[in-house]
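Quick note on the UniProt record's numbering: the sequence shown kicks off at 1 and runs consecutively. To start, the structure itself, in structure tokens.
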Amino acid sequence: MDSIQYSSQLLERHVIELPRLESRLRFLRDLSYEFDWHQLSNEAKAEMTPLLLKLSGHPDFFKSVPEAWRWQEQFSVLSYRYPSTEPSQRLALLQKLQRISSQLPQDQLAADYAWWEAIRAQAFLAVAARNQDDLKQLLNQSRWHEPLLDLVPKASGWQLEHLLWLLAYQHVLLPEDAKEAFDSAVLTALQAQPKLSLQEQKQLFTQRYLTNSFRVRDNCLQEFADWCQLPPLKQALPHQHQCHSGLMIRYRSINNRQLQQLCLQMMAQEDDFHQLLRTERKPVANDWNDRLEVIIFDDYSDYNLYGALHFNIRTNNGGMYLEGTPSDPDNQARFFAFQKFWQPEPFAVWNLEHEYIHYLDGRYASYGPFGHFPSHKVWWSEGLAELISMGKQNPEANRILLDTPAEDVPSLSTIFAASYQDGLDMTYRWSYFTWRFLQSELPERIPELTQALRTDFFAGYLHQLEQVAELHQDSFTAFLQAQQQQTAKRKTEQQEPPILGRYLYRRYLQPAHLLNHEQHFHRLSLSTDTKDQTND
Numbered sequence: 001m002d003s004i005q006y007s008s009q010l011l012e013r014h015v016i017e018l019p020r021l022e023s024r025l026r027f028l029r030d031l032s033y034e035f036d037w038h039q040l041s042n043e044a045k046a047e048m049t050p051l052l053l054k055l056s057g058h059p060d061f062f063k064s065v066p067e068a069w070r071w072q073e074q075f076s077v078l079s080y081r082y083p084s085t086e087p088s089q090r091l092a093l094l095q096k097l098q099r100i101s102s103q104l105p106q107d108q109l110a111a112d113y114a115w116w117e118a119i120r121a122q123a124f125l126a127v128a129a130r131n132q133d134d135l136k137q138l139l140n141q142s143r144w145h146e147p148l149l150d151l152v153p154k155a156s157g158w159q160l161e162h163l164l165w166l167l168a169y170q171h172v173l174l175p176e177d178a179k180e181a182f183d184s185a186v187l188t189a190l191q192a193q194p195k196l197s198l199q200e201q202k203q204l205f206t207q208r209y210l211t212n213s214f215r216v217r218d219n220c221l222q223e224f225a226d227w228c229q230l231p232p233l234k235q236a237l238p239h240q241h242q243c244h245s246g247l248m249i250r251y252r253s254i255n256n257r258q259l260q261q262l263c264l265q266m267m268a269q270e271d272d273f274h275q276l277l278r279t280e281r282k283p284v285a286n287d288w289n290d291r292l293e294v295i296i297f298d299d300y301s302d303y304n305l306y307g308a309l310h311f312n313i314r315t316n317n318g319g320m321y322l323e324g325t326p327s328d329p330d331n332q333a334r335f336f337a338f339q340k341f342w343q344p345e346p347f348a349v350w351n352l353e354h355e356y357i358h359y360l361d362g363r364y365a366s367y368g369p370f371g372h373f374p375s376h377k378v379w380w381s382e383g384l385a386e387l388i389s390m391g392k393q394n395p396e397a398n399r400i401l402l403d404t405p406a407e408d409v410p411s412l413s414t415i416f417a418a419s420y421q422d423g424l425d426m427t428y429r430w431s432y433f434t435w436r437f438l439q440s441e442l443p444e445r446i447p448e449l450t451q452a453l454r455t456d457f458f459a460g461y462l463h464q465l466e467q468v469a470e471l472h473q474d475s476f477t478a479f480l481q482a483q484q485q486q487t488a489k490r491k492t493e494q495q496e497p498p499i500l501g502r503y504l505y506r507r508y509l510q511p512a513h514l515l516n517h518e519q520h521f522h523r524l525s526l527s528t529d530t531k532d533q534t535n536d
């Protein structure tokens, strides 16, 4: 029997015995950090939301007393630790969460925890709805933002910041024709806050609302010029380190040993890149990108804030390379990354290797700026970056390989023609395996394809892809089958359970008095997110 089913039976049996209710809820919360939600049986998954809804129907559940606040906290946490897959159930949970957050707590620690987790649960629900049209539609129809807007004039400090963060997440879900009115409503509510100066209002609107709804510098300076307040960039990137004349790192909190590690890491990758593609280390024609600036933020929160407001980039991703116009001698190529802040040791930078390969590809293999070739380039760019940065250790790709039925595996011609609109699995996982196949079975094809791209001979590149797809599809299928068998034999390790995503919550929002300890436990040092926030 699944632990959830066992625990739910205990809950059902003791739901009226209030002293025992808390221990059962704690058990379920702690249990969520011991397994992957996807490994649960369908029966266990189906039990959790009805169980939570029954709990919220207890006559004492919404009372303003410490014991009830503790139940409300656990209810909120369990609602996102054990997410329902049914939109109607999620809407029912939202209605309960709204009731928990409808009143601002006043200097009661247990009430603060309950309110905090209810707000976070609603924000995480909004993130889930980004890629679920039916859920998005239900949430928008519920007009769940209205009670939150009513709270803005009454809130202050950490509570106000959380409300603006959640309202920003709601903005992302709205249809385009409703977004302008929503912005106006948020501004009106913020202006009605009597304790804030004009500068404080501008700072909150820009740095808590606009950036978390993925607006960038241009939006701030143009659409909201009267309300735009940019944070000083030196707060996030006060230092710089030169690996060599063509490679500089900008950062805030990386020590000398770690800087040397990063430099050696990138230079070693450069060797692997040139060896695989046989470039002879010669840049492509008309490319002046001989200087790369590597921007490494302390965490995703800084990447989101400063990347959007200073570098004008969309930050709903795990990093980004901006090639610029390589034919311009004054061009500055940069890539943006952030530290694996969820993993204190060993020190590492998320997607550092992947983004650096994009620079090398543009400098030594692919003619022109990003988007120069009209099609059939996504598999090359993303698969190559995945291959060199990850080698044979690619757990997410291996999981896709194991979970995909043979009839659903894309063909070589489909992968070659993929675009970024085809999703993460096609863009990253299957492109990665295509590169693995070329490296293992057709290594002589790689420099031929490289030469066509280097010389801007798209017709020749396309013809070679057509040849590979036509002549070697059976070999590709056999290669994938062999990889699948090997992966299945190695799959003995337990997957880490899912936790709070590195993209969901903001470090600067964390209230100092709401600590992560035994009674309010979250495992924040591990993460199993994908590299791109679009599926977060």
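All residues carry an ideal CB built from backbone N, CA and C; glycine is no exception. As the structure is a prediction and not an experimental result, all values here were calculated from the model.
Could you tell me which of Thr455, Leu480, Lys340 and Phe273 sits nearest to Thr434, measuring between CA atoms? Leu480
Tell me which same chain residues have a C-beta within less than 7 Å of the C-beta of Leu190, skipping the five on either side of it? Val152, Gln201, Leu204 and Phe205
So the alpha helix (DSSP H) Gln141 belongs to, where does it begin and stop? Asp133 to Ser142
Please list the terminal residues of the continuous beta strand (DSSP E) segment that includes Tyr321. Met320 to Leu322
Proximity below 8 Å, CB of Trp350 to CB of Pro326: no
For Pro83, does the count of other Cβ atoms within 10 angstroms reach 16, so buried, or fall short, so exposed? buried
Relative to the C-alpha of Met267, which residue among Gln193, Gln235, Arg208 and Ile357 is closest? Ile357
Decide if the region 406-414 is in contact with the region 387-397; the criterion is three or more beta carbon pairs, one per stretch, under 8 Å apart. no
Label Tyr209 either buried or exposed according to how many other C-beta atoms from any shown protein chain fall within 10 Å of its C-beta, with 16 as the threshold for buried. buried
For the pair the region 113-120 and the region 57-77, tell me if three or more CB-CB distances fall below 8 Å. yes
Quick check: Leu166 and Ile119, are their CB atoms within less than 8 Å of each other? yes
Classify Gly157: buried if its beta carbon has 16 or more other beta carbons within 10 angstroms, exposed otherwise. exposed
Straight-line gap, Pro147 to Pro374 (C-alpha atoms, nearest Å): 47 Å
Measure the C-alpha to C-alpha separation of Asn317 and Asn394 and round it to an integer number of angstroms. 18 Å
Only counting runs of 3 or more residues, tell me where the beta strand (DSSP E) segments fall wholly within the region 277-362, in order along the chain. 292-297, 320-322 and 333-339
Do Arg90 and Ser32 count as a contact pair if the criterion is CB distance below 8 Å? no
Please name the residue or residues paired with Ile249 in a DSSP beta bridge. His241 and Val294
Output needed for Ser381: all residues of its chain with C-beta closer than 7 Å, excluding positions within five of it in sequence on either side, in chain order. His358 and Asp361
Please report the straight-line C-alpha distance between His472 and Leu438, rounded to a whole angstrom. 10 Å
Measuring alpha carbon to alpha carbon, tell me which of Gly371, Leu104, Gln451 and Glu270 ends up nearest Ser419. Gly371
Please report the straight-line C-alpha distance between Phe75 and Arg445, rounded to a whole angstrom. 56 Å
Where do the ends of the alpha helix (DSSP H) carrying Ser56 lie? Asn42 to Ser56
My guess is that Val216 and Arg314 are in contact by the Cβ rule of under 8 Å, so how many angstroms apart are they, rounded? 7 Å
Determine the contact status of Gln332 and Arg291, defining contact as a CB-CB distance below 8 Å. yes
Helix, strand or coil: which one does DSSP assign to Cys228? coil
Return the CA-CA distance between Arg20 and Tyr428, expressed in angstroms with no decimal places. 47 Å
In angstroms, rounded to a whole number, what distance separates the CA positions of Leu401 and Arg507? 34 Å
Report all residues from its chain with a CB closer than 6 Å to the CB of Gln72; omit the five preceding and five following residues, and keep chain order. Ile100 and Ala114
Could you compute how far the alpha carbon of His145 sits from the alpha carbon of Leu174? 11 Å
Using the Cβ count rule (16 or more neighbours within 10 Å means buried), how would you classify Ser431? buried
Top-ranked residue by Cα proximity to Pro511, from Val294, Leu160, Arg281 and Gln343: Leu160
With H, G and I counted as helix, E and B as strand and the rest as coil, what does DSSP make of Ala181? helix
Are the beta-carbon atoms of Asn312 and Asp218 separated by less than 8 Å? yes
Thinking Arg334 and Glu270 are a contact (beta carbons under 8 Å), I'd like their distance in whole angstroms, please. That belief does not hold up - the Cβ atoms of Arg334 and Glu270 are roughly 17 Å apart, past 8 Å.
Leaving out the 5 sequence neighbours to the left and right, which residues in its chain are closer than 7 Å to Pro447 when beta-carbon positions are compared? Leu277 and Arg278
For Thr434, which three-state DSSP category applies? helix
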